[in-house]
Amino acid sequence: LKGEILANLKFVEELLGIGFKDPSAYFQLGVSESEKQEIENKIEERKRAKEQKDFLKADSIREELLNHKIALMDTPQGTIWEKFF
């Protein structure tokens, strides 16, 4: 479903000549630059915890972000995030 939404957003963007170069940016609307930096720092901290096999800490960071309505998605290219309401 999420893939379909992103595909539809991209289609509308191209059709109207507006929108986002990166469809995932749509899901980060309303997040200040300082909040984005804080989220990225938490993602980096989580990455280090996973590399050290401290999965309890990694899960704790994911949970902390979820409590702030930030969902993480791990991809082969790295972790991406989005704000949900």
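The number in my numbering is simply the position in the sequence shown, starting from 1, with 3 added. All C-beta atoms, glycine included, are put in the ideal place defined by N, C-alpha and C.
Would the segment 56-64 and the segment 35-43 be scored as touching if the rule is three or more Cβ pairs under 8 Å?
no
Report buried or exposed for Leu-68, applying the criterion of at least 16 other Cβ atoms within 10 angstroms of its Cβ.
buried
Considering only C-alpha positions, which residue in the set Gly-6, Phe-30, Phe-87, Thr-82 is nearest to Lys-45?
Thr-82
Thinking Lys-56 and Lys-72 are a contact (beta carbons under 8 Å), I'd like their distance in whole angstroms, please.
Between Lys-72 and Lys-56 the Cβ distance is about 28 Å, and since that is not below 8 Å, they are no contact.
Taking C-alpha atoms, which residue in Phe-30, Glu-54, Ala-10 lies nearest to Gly-76?
Note that residue 76 is Met in the sequence shown, not Gly. Closest option to Met-76, Cα to Cα, is Phe-30.
Are the CB atoms of Arg-65 and Arg-51 within a distance shorter than 9 Å?
no
Helix, strand or coil: how does DSSP classify Asp-62 here?
helix
Residue range of the beta strand (DSSP E) that Lys-72 falls in?
Where Lys-72 is concerned, there is no enclosing beta strand (DSSP E), given that its DSSP letter is neither H nor E.
Who does Glu-7 pair with in a DSSP beta bridge?
According to DSSP, which records beta bridges pairwise, Glu-7 is partnered with nothing at all.
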